[in-house]
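A.B. asks: Chains as they are written, first to last, in my numbering: chain X, 1 to 120; chain B, 1001 to 1331.
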């Protein structure tokens, strides 16, 4: 096994591990937002590691650049669609609860938590 | 890697087939429209992977772009308009039973047809391979679509133009000349606007690349056009642009330029070459590229307009949507 192949095997396996972790999160986490978080994290990291692992196998320069572009597009679209889904979940929560007020409350909560984490 | 024995790649097909079955069952089982539509888009992507595993890259690209992408968007807008009506009574047992029997019948007939195919299926692979060089195209699928069975492809592009006309005729009389508004689903979320700003430049390159590479590799006008149409739909969804008015002359030209050019070159073939839709030998490749370029444009315009819906007057949104929009603004 050449060095490049060993590199590929290690990084693709690492990526596969993150995909597995994302799957565990999807199955085990209690609510939709946490599941979404687990999935998008695992997707971005796992795919990134798989792409890094495949880089030595790709043809230079276009194969390599295509792989990297693929990852960038997946990060962009994955992140944005996770945001959209989260928005839809919030909207649904606001609709099913009695009025608009609780929905707005839950919408504000994640932002506040994020700020706490950032400051602490 | 000679010293490492990898498992048979066919094992990877097992989870794929399992996922297809489970997702299909769940899709028929679930009662929530929006979840079903999102699942259906995912199902389209899984089917695309199945086509990749079967070695049909062209079909896979089409399935991913149309079955997974645009079709999902179409159904999603439909689900959003209908709203999530949960208080409707479930259909009665006779209705459900007859639907189940119908589905079962269709499945059984399909299974019988597929299983009844002769084992080496009759095909024209050998004749195509021996004549492919005439077209100067490296992709046999492209050679069949644009040269050997050009009349099918031409009719197909005419059908797309007709489909847009049919869709537009669903608009109200007084809305004639207005813009399509099916993608106006309340104020867009910031994430969608962000995506709508960043993705289309990349999508434009991918769409044109798919058309250009289709001559020698998997791809082609349909796949490229579908990607371009998706980018237009994304821009309209994010409200970064508006679909053109149905009275817009340039838009109408965009719809017909593909089939029209195809037809004109085909008719010219009857005079300067040997038959209708025959290309003169020296000009085969340039003519094919010209037709495919025009077809890519027409497919993109037609598919985008099909997603955008019939012309509508700017007025009150469907009740559910306006209700949600109002809820969003009240402090």
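Every residue, glycine too, gets a C-beta built ideally from N, C-alpha and C.
1. CA-CA distance, residue 88 (chain X) and residue 1299 (chain B)?
2. Check whether the region 1205-1215 of chain B touches the region 1182-1192 of chain B, taking contact to mean three or more Cβ pairs, one atom from each stretch, closer than 8 Å.
3. So, for residue 1136 (chain B): in the same chain, excluding its five sequence neighbours on each side, which residues have a beta-carbon less than 7 Å away from its beta-carbon?
4. List, in chain order, every chain X residue whose beta-carbon is nearer than 8 Å to that of residue 1189 (chain B).
5. Start and end of the alpha helix (DSSP H) containing residue 1130 (chain B)?
6. Between residue 1152 (chain B) and the rest of its own chain, which residues show a CB-CB distance below 8 Å, the 5 nearest in sequence each way excluded?
7. Please confirm whether residue 1053 (chain B) has its beta-carbon closer than 9 Å to some beta-carbon of chain X.
8. If you scan the region 1196-1258 of chain B from start to end, which runs of the alpha helix (DSSP H) of 4 or more residues do you find wholly inside it?
9. I'd like the span of the alpha helix (DSSP H) that includes residue 1286 (chain B), first residue to last.
10. If you run the structure through DSSP and keep just helix, strand and coil, what is residue 1180 (chain B)?
11. Compute the beta-carbon to beta-carbon distance between residue 70 (chain X) and residue 50 (chain X), rounded to the nearest angstrom, for a pair I have assumed lies under 8 Å.
12. Give me the Cα-Cα distance between residue 1281 (chain B) and residue 1169 (chain B), rounded to the nearest whole angstrom.
13. Evaluate residue 63 (chain X) with the Cβ neighbour count: other Cβ atoms within 10 Å of its Cβ, from every protein chain shown; 16 or more gives buried, anything less gives exposed.
14. Since residue 50 (chain X) meets chain B, which of its residues come closer than 7 Å, beta carbon to beta carbon?
15. In angstroms with no decimal places, state the Cα-to-Cα distance between residue 1217 (chain B) and residue 1288 (chain B).
16. Using the DSSP secondary-structure output, state which residues sit across from residue 1311 (chain B) in a beta bridge.
17. Residues in its own chain within less than 8 Å of residue 79 (chain X) by CB, not counting five upstream and five downstream?
18. Can you find a C-beta in chain X that's less than 9 Å from the C-beta of residue 1192 (chain B)?
19. Run the CB neighbour count on residue 1112 (chain B), radius 10 Å, all protein chains shown included, and call it buried at 16 or more, exposed below.
20. If you scan the region 1059-1104 of chain B from start to end, which runs of the alpha helix (DSSP H) of 4 or more residues do you find wholly inside it?
21. On a Cα-Cα basis, can you pick out the residue from B:1273, B:1231 and B:1293 that is closest to residue 1255 (chain B)?
22. Could you spell out the range, first to last residue, of the alpha helix (DSSP H) harbouring residue 1042 (chain B)?
23. Quick check: the Cα distance between residue 1071 (chain B) and residue 1041 (chain B), rounded to an integer number of angstroms?
24. Hey, residue 1182 (chain B) and residue 1065 (chain B): beta-carbon distance below 9 Å or not?
25. With a threshold of 16 other CB atoms inside 10 Å of the CB of residue 1275 (chain B), please say whether the residue is buried or exposed.
26. Is residue 12 (chain X) close to chain B? Criterion is C-beta to C-beta, closer than 9 Å.
27. Identify whether residue 34 (chain X) lies in helix, strand or coil by the three-state DSSP scheme.
28. DSSP three-state label for residue 2 (chain X), please.
29. Whole angstroms are fine: how far does the CA of residue 53 (chain X) sit from the CA of residue 92 (chain X)?
30. What's the gap between the Cα of residue 1121 (chain B) and the Cα of residue 1233 (chain B)?
C.D. replies: Taking the coordinates as given:
1. 31 Å
2. no
3. 1284 and 1285
4. 83, 84 and 87
5. 1125-1135
6. 1145
7. no
8. 1221-1237
9. 1284-1308
10. strand
11. Incorrect: roughly 10 Å between the Cβ atoms, too far for contact.
12. 42 Å
13. exposed
14. Neighbours of residue 50 (chain X) on chain B: none; closest Cβ ~15 Å, over 7 Å.
15. 15 Å
16. B:1180
17. 40 and 44
18. yes
19. exposed
20. 1071-1082
21. B:1293
22. 1033-1053
23. 8 Å
24. no
25. exposed
26. no
27. helix
28. coil
29. 40 Å
30. 40 Å
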